[in-house]
Amino acid sequence: MLPTATIGSAELAFGAEPDAARQKELIHLVRQDCGSCHGMTLKGGLGPALLPENLRDKPVDGLAATIYYGRPGTPMPPWDRFLSEAEAAWIAEKLMTGFPQ
Amino acid sequence: MRLFLSFLLALLLNACATPQLRGTGDLGLIIERASGYVTLINTSARQPYARIGGLGDLSHASAVYSRDGRYAFIFGRDGGLTKIDLLEAKIVKRVMQSGNAIGGSISQDGRIVVAQNYTPGGIKAFDSDTLELLSEVPAEYAPGQFSKVVGLADTGGNKFAYALFDGGEIWVSDFSDPKAPKTQRFPAGSQPYDGLVTPDGRYFLAGLFGEDGVAMLDLWQPEKGARKILENYGKGQEKLPVFKMPHLRGWSVAQGKAYLPAIGRHEVLVVDVATWKEVGRIPVRGQPVFVMARPDGRQIWVNFAFPDNAKVDVIDTLAGAVVHRMEPGKGILHMEFAPRGENVWLSARDDNKVVIYNTDSFAKLGEIPADSPSGIFFTSRAVRIGF
Numbered sequence: 006m007l008p009t010a011t012i013g014s015a016e017l018a019f020g021a022e023p024d025a026a027r028q029k030e031l032i033h034l035v036r037q038d039c040g041s042c043h044g045m046t047l048k049g050g051l052g053p054a055l056l057p058e059n060l061r062d063k064p065v066d067g068l069a070a071t072i073y074y075g076r077p078g079t080p081m082p083p084w085d086r087f088l089s090e091a092e093a094a095w096i097a098e099k100l101m102t103g104f105p106q
Numbered sequence: 050m051r052l053f054l055s056f057l058l059a060l061l062l063n064a065c066a067t068p069q070l071r072g073t074g075d076l077g078l079i080i081e082r083a084s085g086y087v088t089l090i091n092t093s094a095r096q097p098y099a100r101i102g103g104l105g106d107l108s109h110a111s112a113v114y115s116r117d118g119r120y121a122f123i124f125g126r127d128g129g130l131t132k133i134d135l136l137e138a139k140i141v142k143r144v145m146q147s148g149n150a151i152g153g154s155i156s157q158d159g160r161i162v163v164a165q166n167y168t169p170g171g172i173k174a175f176d177s178d179t180l181e182l183l184s185e186v187p188a189e190y191a192p193g194q195f196s197k198v199v200g201l202a203d204t205g206g207n208k209f210a211y212a213l214f215d216g217g218e219i220w221v222s223d224f225s226d227p228k229a230p231k232t233q234r235f236p237a238g239s240q241p242y243d244g245l246v247t248p249d250g251r252y253f254l255a256g257l258f259g260e261d262g263v264a265m266l267d268l269w270q271p272e273k274g275a276r277k278i279l280e281n282y283g284k285g286q287e288k289l290p291v292f293k294m295p296h297l298r299g300w301s302v303a304q305g306k307a308y309l310p311a312i313g314r315h316e317v318l319v320v321d322v323a324t325w326k327e328v329g330r331i332p333v334r335g336q337p338v339f340v341m342a343r344p345d346g347r348q349i350w351v352n353f354a355f356p357d358n359a360k361v362d363v364i365d366t367l368a369g370a371v372v373h374r375m376e377p378g379k380g381i382l383h384m385e386f387a388p389r390g391e392n393v394w395l396s397a398r399d400d401n402k403v404v405i406y407n408t409d410s411f412a413k414l415g416e417i418p419a420d421s422p423s424g425i426f427f428t429s430r431a432v433r434i435g436f
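Just so you know, the protein sequences line up as chains L and H, in that order.
Counting in this note's numbering, the first sequence runs without a single skipped number right up to 106 at its last residue.
Counting in this note's numbering, the second sequence runs without a single skipped number right up to 436 at its last residue.
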């Protein structure tokens with residue numbers, strides 16, 4: 006099942022990368038808070054695994070949209086209160102290539 | 050002089066021959082989720098006394114105790130099952146039992162430790178002495194389809210009740226013959242996320258994520274099947290987003306009522322355990338995660354999902370309302386009461402410490418450094434059903 010909403014890939018390509026301090030916050034958010042369902046090591050829990058090999062076939066803008074808007078009908082909530090679209094895209098891109106510790 | 054020397058010698062020999070004796074009733078452990086350590090603690094001294102590493106990925110790790118309170122069985126996220134001796138402060142045995150685990154339980158007679166697994170979905174039973182695999186029950190709810198297992202609880206007669214997140218069922222597996230378990234299945238509802246057995250071992254409740262309600266099975270009369278309670282508590286209102294799944298355990302039952310986290314509502318639901326009807330709801334400051342009764346049932350302590358996980362609300366069960374609000378630290382993940390409840394230990398993940406509070410005065414009594422602490426487990430769990 007693919008999410009219907011997507012974030013423009015132009016945003017992903019040209020969106021400003023979060024600064025170092027913000028990156029640190031986002032990494033903490035993903036490891037600790039996304040980690041409560043997806044596992045701190047992102048190998049999955051009640052939510053699916055988010056390692057590069059699990060995401061290989063998924064479009065990066067679809068992942069970003071899932072992070073930002075959530076996925077209705079599943080426990081995945083929208084994270085739009087806590088990050089911008091560009092930050093969601095940055096997280097999606099990092100997940101696909103191996104998320105920083 | 051000679052006499053004195055032999056007295057000293059006798060004293061010395063005595064010290065060598067007899068290790069200092071001690072009980073285990075005031076011991077416990079703190080999970081340090083990021084580093085694979087556990088810190089062993091003493092609830093009388095309110096101090097750590099040892100730290101043990103090498104336990105693997107301990108995110109969402111939990112522990113159960115042997116009936117003598119000496120050994121802890123720790124279920125790691127990575128499928129590691131580690132047996133720790135609290136008196137000698139060392140690992141006794143460690144096995145990798147699955148790819149992705151979510152806790153476990155110990156049988157009524159203390160002989161069987163059961164792990165519940167996400168991948169591959171199902172439960173596995175181990176000999177509590179040797180950690181030798183005895184048997185397993187794959188959670189295959191439809192041909193070729195395996196479910197993540199949640200809410201595993203020990204019940205009477207070496208039976209274990211649990212719920213299937215993907216399968217929407219409650220299963221009860223009877224391990225009275227540990228190598229040949231027999232399983233009964235009961236339809237429960239959409240996406241059970243966790244479960245609990247009441248302190249008397251009679252009722253198993255599975256909280257539902259995919260619908261408003263809780264599935265309830267009377268383990269004394271399982272032939273009646275699971276039924277729904279608290280149905281439609283949201284009354285069709287749009288749910289608030291849930292940034293962390295709530296947890297259920299037997300400590301939610303106090304003074305004849307069960308206090309349960311609502312899903313997608315910042316409320317604690319109150320159910321009369323005699324009738325299983327909703328008798329109230331108590332507004333709180335976030336999505337509840339743990340709703341835990343002090344052992345005497347006078348208070349209910351509530352912590353919250355992100356982004357409200359610095360807060361803790363305390364409900365007085367006599368007043369039926371929140372009577373104390375606090376912010377004891379950043380990232381409050383878990384709480385554990387001293388065996389008789391005079392104080393409570395809270396893990397503050399993002400402050401890298403465990404904080405200890407008096408539950409009557411709410412005065413802070415102390416803190417213990419810990420690396421990203423999550424679960425706190427005291428040996429008093431050894432003698433309670435559902436822990």
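Cβ coordinates follow ideal geometry from the N, Cα and C atoms, glycine included.
Bear in mind that the values here come from a model prediction, so they are computed numbers and not experimental data.
By the beta-carbon neighbour count (other beta carbons within 10 angstroms, threshold 16), A264(H) is buried. Taking all protein chains shown into account, L367(H) has fewer than 16 neighbouring C-beta atoms within 10 Å of its C-beta and is therefore exposed. Just measuring C-alpha positions, the residue of G171(H), D158(H), Y190(H) sitting nearest K208(H) is D158(H).
I151(H) reaches chain L at G50, L51, counting residues in chain order whose Cβ is nearer than 9 Å. Nearest Cα to R334(H) within the set R298(H), F122(H), V317(H): V317(H). Between D38(L) and chain H, the shortest Cβ-Cβ separation is below 9 Å.
Setting aside the 5 residues that flank it on each side, S429(H) is surrounded in the same chain by P388, each with a C-beta closer than 6 Å to its C-beta; the list follows chain order.
The Cβ of G103(L) sits no closer than 9 Å to any Cβ of chain H. When Cβ-Cβ separations below 9 Å define contact, V291(H) makes contact with chain L. Leaving aside the five residues that flank V371(H) on each side, the residues in its chain whose CB is nearer than 6 Å to its CB run, in chain order, D362, I364.
The DSSP assignment places complete beta strand (DSSP E) segments of no fewer than 3 residues inside the segment 310 to 346 of chain H at 316 to 321, 327 to 332, 337 to 342, in order along the chain. In this structure, L51(L) places its C-beta atom within 9 Å of the C-beta atom of Y242(H). Assignment of K29(L) by DSSP, reduced to helix, strand and coil, places it in the helix class.
Residue-level contact check: V361(H) does not touch chain L, since none of the beta carbons of chain L fall below 9 Å from its beta carbon.
The residues A188, Y190, S196, in chain order, have a CB closer than 7 Å to that of G216(H) in the same chain once the five nearest residues on each side in sequence are set aside.
C39(L) and A323(H) have their alpha carbons spaced roughly 38 Å apart.
Note on geometry: alpha-carbon atoms of I161(H) and M145(H) lie some 17 Å from one another. Per the C-alpha coordinates, the member of L100(L), G103(L), I96(L), T102(L) positioned closest to R27(L) is I96(L). Rounded to whole angstroms, the separation of the alpha carbons of M81(L) and F386(H) is 32 Å. About 15 Å separates the CB atoms of Q233(H) and L201(H); that is not less than 8 Å, and the two are not in contact. Here R71(H) is exposed. Its C-beta has fewer than 16 other C-beta atoms within 10 Å. Around the CB of K132(H), 16 or more other CB atoms lie within 10 Å, so the residue is classed as buried. Its Cα nearest to that of V393(H), the residue P377(H) stands out among D400(H), P377(H), N401(H). Taking the beta carbon of R82(H) as reference, the chain L residues within 8 Å of it are M45, listed in sequence order. Neighbours of Y167(H) across chain L, judged by C-beta separation under 8 Å: G49, G50, L51. Burial of S177(H) is indicated by the presence of at least 16 other C-beta atoms within 10 angstroms of its C-beta. Residues P105 of the same chain have their beta carbon placed closer than 6 Å to that of I32(L), with the five preceding and five following residues left out of the count. None of the residues of the segment 319 to 346 of chain H has a beta carbon lying less than 8 Å from any beta carbon of chain L.
It is roughly 15 Å from the alpha-carbon of D409(H) to the alpha-carbon of L395(H). Under a criterion of Cβ atoms nearer than 9 Å, the residues of chain L adjacent to D106(H) are, in order, G44, M45, T46, K48.
C-alpha of M375(H) to C-alpha of G49(L): approximately 32 Å in a straight line.
The continuous stretches of beta strand (DSSP E) do not include A94(H), and DSSP gives it neither H nor E. The straight-line gap separating the alpha-carbon atoms of A255(H) and G346(H) is approximately 21 Å. Proximity of the segment 109 to 118 of chain H to the segment 416 to 435 of chain H meets the contact definition, three or more beta-carbon pairs being nearer than 8 Å. Counting every other CB atom within 10 Å of its CB across the protein chains shown gives P332(H) a total below 16, marking it as exposed. Straight through space, the alpha carbons of E218(H) and F355(H) are spaced by roughly 28 Å.
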